[in-house]
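Working notes for the structure below.
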Amino acid sequence: RDALVPDATYWLGESYLQRNRTREAAEQFLKVSTDFARSRKAPDAMLKLGASLNALGAREQACATLAELERKFPQASATVKQGVDREQRRARCAA
């Protein structure tokens with residue numbers, strides 16, 4: 001597969017998010033985090049997936065996604081880690 005596909009898929013999700021098409025955004029972020037789990041965009045996609053799921057009212061799935069992100073990517077960037085903390089507070093995830 002083309003190395004740019006994960007990035008393009010991620011940015012498609014971002015564009016959906018900016019247009020308040022949260023379900024479509026979540027689908028793209030899920031695709032990046034599953035089909036391209038080793039790509040550099042995977043941690044960011046999981047963060048956005050968690051936020052999207054929470055926005056869709058799927059709080060438990062959002063919390064599970066954010067917890068999985070922490071397990072799968074312990075070396076994620078500080079920005080991603082801060083985003084996880086923020087989204088876990090928004091979703092009221094158990095500590």
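Under the numbering used here, the first residue of the sequence shown carries the number 1, and numbering increases by one thereafter. Every residue, glycine too, gets a C-beta built ideally from N, C-alpha and C.
### Task
Could you say which of Ala25, Glu24, Arg23 and Lys31 lies nearest to Pro6 if we only look at CA atoms?
Along the sequence shown, read from residue 1 onward, the residue named residue 6 stands at position 6. When each option's Cα is compared against that of Pro6, the closest is Lys31.
### Message
So, with DSSP's three-state summary, where would you put Cys63?
### Response
Sequence index remark: in the sequence shown, residue 63 carries index 63 (1-based). Correct three-state label for Cys63: helix.
### Whole-number beta carbon distance between Gly83 and Thr65, since they are thought to touch under 8 angstroms
Within the sequence shown, residue 65 is the residue found at index 65, counting from 1. Within the sequence shown, residue 83 is the residue found at index 83, counting from 1. Wrong, their Cβ atoms sit about 12 angstroms apart, outside the cutoff.
### Status (buried if at least 16 other CB within 10 Å, exposed otherwise) for Gln28
Here residue 28 refers to the residue found at position 28 of the sequence shown. So Gln28 ends up on the buried side.
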